[in-house]
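Mapped onto the numbering used here, the consecutive letters of the sequence shown carry residue numbers 596 to 922. Glycine included, each C-beta is placed from N, C-alpha and C at the ideal position.
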Amino acid sequence: MTAVLDAKTNTIADDGSSTVDLASFGARAGAFAIDVLLGIGVLAVLAILGVSAITVSRPGWLWIVYAAAAAVVFLLMAINRLLLPATTDWSLGRGLFGIAVVRRDGGAVGAWRLLARDVAHLLDTAALFVGWLWPLWDRRRRTFADLLLRTEVRRADPPQRDMRRLTAKVLVAAVVVCAAAVALNFFVVYRHEQAVNQARQDITENGPRIVEQLLSYHQDTMQDDFKRAQSLATDSYRSQLAAQQETAGKAGATTNEYFAVSSAVLSATPERAEMLVALQGQRGNDVETLQFITATVRVDFVKSRGSGWRVSNLTVLKKPNIGQAPQ
(Lines of atoms letter the chains of each structure in order from A and count residues from 1; the text may use other names and numbers.)
(Lines give C-alpha, C1' and ligand atoms only; values in the text may rest on other atoms or scores of the structure.)
Protein backbone atom coordinates (compact mmCIF):
# COMPACT_ATOMS: atom_id res chain seq x y z
CA MET A 1 0.00 0.00 0.00
CA THR A 2 1.28 3.44 -0.94
CA ALA A 3 0.38 6.39 1.25
CA VAL A 4 0.90 9.86 -0.22
CA LEU A 5 0.52 12.91 2.04
CA ASP A 6 -0.15 16.53 1.14
CA ALA A 7 2.89 18.03 -0.63
CA LYS A 8 2.69 21.10 1.62
CA THR A 9 3.16 19.04 4.77
CA ASN A 10 5.23 16.15 3.59
CA THR A 11 7.65 15.64 0.74
CA ILE A 12 8.18 11.89 0.59
CA ALA A 13 5.75 9.12 -0.16
CA ASP A 14 6.04 5.71 1.47
CA ASP A 15 7.63 4.34 -1.71
CA GLY A 16 10.37 6.98 -1.52
CA SER A 17 9.19 9.07 -4.47
CA SER A 18 9.00 12.85 -4.28
CA THR A 19 5.56 14.48 -4.08
CA VAL A 20 6.73 18.11 -4.35
CA ASP A 21 7.21 20.06 -7.55
CA LEU A 22 11.00 20.34 -7.69
CA ALA A 23 12.62 22.92 -9.93
CA SER A 24 14.05 21.66 -13.19
CA PHE A 25 17.76 21.83 -13.87
CA GLY A 26 17.15 24.28 -16.73
CA ALA A 27 15.16 26.65 -14.51
CA ARG A 28 17.87 26.58 -11.86
CA ALA A 29 20.58 27.23 -14.44
CA GLY A 30 18.61 30.11 -15.93
CA ALA A 31 18.02 31.69 -12.54
CA PHE A 32 21.69 31.29 -11.65
CA ALA A 33 22.71 32.96 -14.90
CA ILE A 34 20.51 35.98 -14.13
CA ASP A 35 21.38 36.25 -10.43
CA VAL A 36 25.09 35.42 -10.54
CA LEU A 37 26.67 35.08 -13.97
CA LEU A 38 25.32 38.42 -15.17
CA GLY A 39 26.87 40.23 -12.22
CA ILE A 40 30.12 38.28 -12.53
CA GLY A 41 30.33 39.33 -16.17
CA VAL A 42 30.01 43.01 -15.22
CA LEU A 43 32.54 42.58 -12.40
CA ALA A 44 34.97 40.88 -14.79
CA VAL A 45 34.79 43.80 -17.21
CA LEU A 46 35.34 46.31 -14.40
CA ALA A 47 38.18 44.23 -12.94
CA ILE A 48 40.02 43.98 -16.25
CA LEU A 49 39.69 47.71 -16.85
CA GLY A 50 40.68 48.49 -13.25
CA VAL A 51 43.80 46.32 -13.35
CA SER A 52 44.83 47.82 -16.68
CA ALA A 53 44.35 51.31 -15.23
CA ILE A 54 46.81 50.43 -12.43
CA THR A 55 49.44 48.61 -14.47
CA VAL A 56 49.46 50.99 -17.42
CA SER A 57 50.46 54.65 -17.15
CA ARG A 58 47.06 56.29 -16.90
CA PRO A 59 45.30 58.84 -14.68
CA GLY A 60 45.31 57.56 -11.11
CA TRP A 61 41.64 58.23 -10.49
CA LEU A 62 40.42 55.88 -13.20
CA TRP A 63 40.88 52.63 -11.25
CA ILE A 64 39.04 54.21 -8.28
CA VAL A 65 35.99 54.74 -10.51
CA TYR A 66 36.07 51.10 -11.59
CA ALA A 67 36.55 49.89 -8.01
CA ALA A 68 33.59 51.97 -6.80
CA ALA A 69 31.40 50.70 -9.65
CA ALA A 70 32.42 47.09 -8.88
CA ALA A 71 31.54 47.59 -5.20
CA VAL A 72 28.07 48.84 -6.14
CA VAL A 73 27.51 45.90 -8.49
CA PHE A 74 28.64 43.42 -5.82
CA LEU A 75 26.31 45.03 -3.27
CA LEU A 76 23.36 44.81 -5.65
CA MET A 77 24.18 41.15 -6.30
CA ALA A 78 24.20 40.46 -2.54
CA ILE A 79 20.89 42.23 -2.04
CA ASN A 80 19.30 40.33 -4.90
CA ARG A 81 20.80 36.98 -3.93
CA LEU A 82 20.41 37.11 -0.13
CA LEU A 83 18.08 39.83 1.15
CA LEU A 84 15.31 39.73 -1.43
CA PRO A 85 14.70 35.95 -1.11
CA ALA A 86 14.64 36.30 2.69
CA THR A 87 12.07 39.11 2.59
CA THR A 88 10.07 38.56 -0.61
CA ASP A 89 10.77 34.83 -1.26
CA TRP A 90 12.29 35.55 -4.66
CA SER A 91 15.37 36.92 -6.40
CA LEU A 92 15.37 38.35 -9.90
CA GLY A 93 16.32 35.11 -11.62
CA ARG A 94 14.26 32.82 -9.37
CA GLY A 95 11.24 35.07 -9.73
CA LEU A 96 11.60 35.02 -13.52
CA PHE A 97 11.73 31.21 -13.64
CA GLY A 98 9.22 30.66 -10.84
CA ILE A 99 11.44 28.78 -8.38
CA ALA A 100 12.44 29.29 -4.75
CA VAL A 101 15.03 27.95 -2.30
CA VAL A 102 13.38 26.39 0.77
CA ARG A 103 14.36 24.18 3.66
CA ARG A 104 13.81 20.50 3.21
CA ASP A 105 10.61 20.67 5.26
CA GLY A 106 9.34 23.45 3.02
CA GLY A 107 10.04 26.28 5.46
CA ALA A 108 11.45 29.66 4.46
CA VAL A 109 15.21 30.13 4.23
CA GLY A 110 16.78 33.12 5.94
CA ALA A 111 19.53 35.36 4.60
CA TRP A 112 22.24 33.69 6.69
CA ARG A 113 21.44 30.22 5.42
CA LEU A 114 21.34 31.57 1.88
CA LEU A 115 24.77 33.09 2.44
CA ALA A 116 26.09 29.82 3.84
CA ARG A 117 24.58 28.00 0.86
CA ASP A 118 26.35 30.30 -1.59
CA VAL A 119 29.63 29.78 0.24
CA ALA A 120 29.03 26.01 0.18
CA HIS A 121 28.70 26.24 -3.59
CA LEU A 122 32.49 26.43 -3.55
CA LEU A 123 32.36 22.68 -2.88
CA ASP A 124 30.31 22.24 -6.02
CA THR A 125 32.99 24.10 -7.97
CA ALA A 126 35.97 22.49 -6.23
CA ALA A 127 34.69 19.02 -7.15
CA LEU A 128 35.39 19.78 -10.82
CA PHE A 129 31.85 21.23 -11.11
CA VAL A 130 30.35 17.81 -10.37
CA GLY A 131 28.34 19.36 -7.54
CA TRP A 132 26.60 21.69 -9.95
CA LEU A 133 25.59 18.73 -12.11
CA TRP A 134 24.48 16.59 -9.18
CA PRO A 135 20.80 17.65 -9.53
CA LEU A 136 20.70 15.85 -12.87
CA TRP A 137 20.67 12.44 -11.13
CA ASP A 138 19.79 13.24 -7.53
CA ARG A 139 16.14 12.35 -6.91
CA ARG A 140 15.63 15.61 -5.01
CA ARG A 141 17.73 17.57 -7.52
CA ARG A 142 20.17 18.88 -4.93
CA THR A 143 23.66 20.21 -5.30
CA PHE A 144 26.35 19.49 -2.71
CA ALA A 145 25.48 22.84 -1.12
CA ASP A 146 21.83 21.79 -0.82
CA LEU A 147 22.85 18.50 0.78
CA LEU A 148 25.05 20.32 3.28
CA LEU A 149 22.57 23.05 4.20
CA ARG A 150 19.48 20.79 3.94
CA THR A 151 17.82 22.96 1.31
CA GLU A 152 16.22 22.29 -2.02
CA VAL A 153 14.82 24.28 -4.92
CA ARG A 154 11.14 23.96 -5.74
CA ARG A 155 8.71 25.39 -8.20
CA ALA A 156 6.90 28.41 -6.75
CA ASP A 157 4.29 30.91 -7.78
CA PRO A 158 6.08 33.79 -9.53
CA PRO A 159 5.72 37.33 -8.15
CA GLN A 160 2.80 39.42 -9.26
CA ARG A 161 4.99 42.03 -10.92
CA ASP A 162 6.17 41.59 -14.51
CA MET A 163 9.51 39.82 -14.00
CA ARG A 164 10.29 39.69 -17.69
CA ARG A 165 10.20 43.46 -18.00
CA LEU A 166 12.22 43.90 -14.81
CA THR A 167 14.83 41.37 -15.99
CA ALA A 168 15.05 43.11 -19.35
CA LYS A 169 15.72 46.42 -17.59
CA VAL A 170 18.46 44.85 -15.50
CA LEU A 171 20.06 43.30 -18.59
CA VAL A 172 19.99 46.66 -20.36
CA ALA A 173 21.48 48.34 -17.28
CA ALA A 174 24.30 45.76 -17.17
CA VAL A 175 25.09 46.33 -20.84
CA VAL A 176 25.04 50.10 -20.33
CA VAL A 177 27.42 49.86 -17.35
CA CYS A 178 29.88 47.72 -19.32
CA ALA A 179 29.63 49.93 -22.39
CA ALA A 180 30.09 53.08 -20.32
CA ALA A 181 33.12 51.61 -18.54
CA VAL A 182 34.73 50.60 -21.83
CA ALA A 183 33.91 53.97 -23.39
CA LEU A 184 35.36 55.82 -20.38
CA ASN A 185 38.49 53.70 -20.55
CA PHE A 186 38.87 54.33 -24.28
CA PHE A 187 38.17 58.06 -23.99
CA VAL A 188 40.47 58.68 -21.02
CA VAL A 189 43.26 56.37 -22.19
CA TYR A 190 43.07 57.70 -25.73
CA ARG A 191 43.36 61.27 -24.54
CA HIS A 192 46.14 60.32 -22.13
CA GLU A 193 48.12 58.49 -24.79
CA GLN A 194 47.61 61.37 -27.19
CA ALA A 195 48.94 63.76 -24.54
CA VAL A 196 51.92 61.48 -23.86
CA ASN A 197 52.72 61.24 -27.56
CA GLN A 198 52.45 65.01 -27.89
CA ALA A 199 54.73 65.53 -24.88
CA ARG A 200 57.30 63.09 -26.27
CA GLN A 201 57.22 64.85 -29.63
CA ASP A 202 57.57 68.29 -28.01
CA ILE A 203 60.55 67.20 -25.91
CA THR A 204 62.17 65.44 -28.84
CA GLU A 205 61.96 68.64 -30.89
CA ASN A 206 62.47 71.35 -28.27
CA GLY A 207 64.34 69.63 -25.41
CA PRO A 208 67.82 69.75 -26.99
CA ARG A 209 67.33 73.39 -27.99
CA ILE A 210 66.30 74.30 -24.43
CA VAL A 211 69.42 72.61 -23.04
CA GLU A 212 71.61 74.48 -25.55
CA GLN A 213 70.12 77.82 -24.51
CA LEU A 214 70.38 76.91 -20.83
CA LEU A 215 74.11 76.19 -20.98
CA SER A 216 75.32 78.57 -23.69
CA TYR A 217 76.37 82.20 -23.23
CA HIS A 218 78.52 84.75 -25.02
CA GLN A 219 81.15 87.13 -23.77
CA ASP A 220 79.37 90.30 -24.87
CA THR A 221 75.84 89.27 -23.77
CA MET A 222 76.62 87.08 -20.76
CA GLN A 223 74.15 88.66 -18.31
CA ASP A 224 71.32 88.67 -20.83
CA ASP A 225 72.09 85.06 -21.69
CA PHE A 226 72.01 84.18 -17.99
CA LYS A 227 68.57 85.78 -17.61
CA ARG A 228 67.31 83.95 -20.67
CA ALA A 229 68.61 80.66 -19.25
CA GLN A 230 66.90 81.33 -15.90
CA SER A 231 63.60 81.87 -17.71
CA LEU A 232 63.92 78.32 -19.03
CA ALA A 233 64.23 76.84 -15.52
CA THR A 234 61.55 76.09 -12.94
CA ASP A 235 61.39 78.04 -9.69
CA SER A 236 62.93 75.13 -7.79
CA TYR A 237 65.91 74.82 -10.14
CA ARG A 238 66.44 78.52 -10.88
CA SER A 239 68.40 79.26 -7.69
CA GLN A 240 70.79 76.38 -8.37
CA LEU A 241 71.28 77.55 -11.93
CA ALA A 242 71.87 81.13 -10.78
CA ALA A 243 74.60 79.95 -8.39
CA GLN A 244 76.34 78.11 -11.22
CA GLN A 245 76.08 81.19 -13.44
CA GLU A 246 77.55 83.36 -10.69
CA THR A 247 80.54 81.03 -10.45
CA ALA A 248 81.01 81.16 -14.22
CA GLY A 249 80.81 84.95 -14.18
CA LYS A 250 83.50 85.25 -11.52
CA ALA A 251 85.81 83.16 -13.66
CA GLY A 252 85.74 85.89 -16.26
CA ALA A 253 83.66 86.80 -19.27
CA THR A 254 84.03 84.19 -21.97
CA THR A 255 82.01 82.53 -24.68
CA ASN A 256 80.61 79.08 -23.92
CA GLU A 257 78.54 77.44 -26.68
CA TYR A 258 76.95 73.99 -26.57
CA PHE A 259 75.30 72.07 -29.39
CA ALA A 260 73.21 68.91 -28.91
CA VAL A 261 74.57 66.22 -31.18
CA SER A 262 72.23 63.43 -30.04
CA SER A 263 69.36 62.98 -27.60
CA ALA A 264 66.88 60.39 -26.39
CA VAL A 265 63.64 60.70 -24.43
CA LEU A 266 63.89 58.39 -21.43
CA SER A 267 60.33 58.85 -20.17
CA ALA A 268 57.39 61.12 -20.80
CA THR A 269 54.01 61.97 -19.31
CA PRO A 270 51.74 64.88 -20.23
CA GLU A 271 53.38 67.02 -17.50
CA ARG A 272 56.90 65.59 -17.09
CA ALA A 273 59.69 64.24 -19.25
CA GLU A 274 63.24 63.01 -18.88
CA MET A 275 65.85 63.24 -21.62
CA LEU A 276 69.44 62.18 -22.18
CA VAL A 277 71.46 64.70 -24.20
CA ALA A 278 74.99 64.40 -25.63
CA LEU A 279 76.60 67.80 -26.14
CA GLN A 280 79.52 69.19 -28.02
CA GLY A 281 80.68 72.77 -27.99
CA GLN A 282 83.45 75.27 -27.81
CA ARG A 283 84.77 77.65 -25.20
CA GLY A 284 86.88 80.73 -25.71
CA ASN A 285 86.85 84.27 -27.01
CA ASP A 286 89.13 83.89 -30.01
CA VAL A 287 90.49 81.29 -32.33
CA GLU A 288 93.79 80.92 -30.51
CA THR A 289 92.20 80.10 -27.13
CA LEU A 290 89.21 78.15 -28.48
CA GLN A 291 88.68 74.83 -26.72
CA PHE A 292 86.53 71.88 -27.75
CA ILE A 293 83.95 70.60 -25.18
CA THR A 294 81.96 67.37 -24.89
CA ALA A 295 79.50 66.44 -22.15
CA THR A 296 76.50 64.19 -21.46
CA VAL A 297 73.63 65.32 -19.27
CA ARG A 298 70.30 63.98 -18.06
CA VAL A 299 67.60 66.64 -17.99
CA ASP A 300 64.23 66.63 -16.21
CA PHE A 301 61.51 68.76 -17.75
CA VAL A 302 58.24 70.01 -16.28
CA LYS A 303 55.48 71.52 -18.37
CA SER A 304 54.19 74.82 -16.99
CA ARG A 305 50.81 76.11 -18.02
CA GLY A 306 51.14 79.00 -20.40
CA SER A 307 54.97 78.92 -20.44
CA GLY A 308 55.76 75.55 -22.02
CA TRP A 309 58.47 73.15 -20.93
CA ARG A 310 60.96 74.16 -18.26
CA VAL A 311 64.07 72.44 -16.89
CA SER A 312 63.49 71.19 -13.33
CA ASN A 313 66.86 69.48 -12.92
CA LEU A 314 70.06 68.87 -14.87
CA THR A 315 72.49 66.14 -13.92
CA VAL A 316 75.90 65.85 -15.54
CA LEU A 317 76.56 62.20 -16.34
CA LYS A 318 79.81 62.78 -18.18
CA LYS A 319 81.70 65.85 -17.05
CA PRO A 320 82.76 68.28 -19.76
CA ASN A 321 85.88 67.09 -21.51
CA ILE A 322 87.87 70.13 -22.63
CA GLY A 323 90.44 69.78 -25.38
CA GLN A 324 91.97 71.75 -28.18
CA ALA A 325 89.47 72.66 -30.84
CA PRO A 326 90.07 70.97 -34.17
CA GLN A 327 91.89 73.17 -36.66
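About 16 Å separates the CB atoms of L874 and L861; that is not less than 8 Å, and the two are not in contact. A residue is called buried once 16 or more other Cβ atoms fall within 10 Å of its Cβ, and A774, having fewer, is exposed. With a minimum length of 4 residues, the unbroken runs of alpha helix (DSSP H) contained wholly in the region 782-848 fall at 817-826 and 830-845. According to DSSP, residue pairing for A855 in a beta bridge involves L874. DSSP places V668 in the helix class (H, G or I) of the three-state scheme.
T884 and T849 have their C-alpha atoms some 10 Å from each other. Using a Cβ distance threshold of 8 Å, R749 and D616 count as a contacting pair. Taken through DSSP and simplified to helix, strand or coil, R759 comes out as helix. In this structure the region 707-724 touches the region 740-747; the number of beta carbon pairs closer than 8 Å is three or more. Annotated as proximal: A769 and V637, with beta-carbon spacing under 8 Å. When secondary structure is reduced to three states using DSSP, V882 falls in the coil class, being assigned neither helix nor strand. Rounded to whole angstroms, the gap between the alpha carbons of L909 and Y832 is 9 Å.
L691 sits close to T762, with the two beta carbons spaced by under 8 Å. Contact between the region 895-908 and the region 819-829 is present, with at least three C-beta pairs closer than 8 Å.
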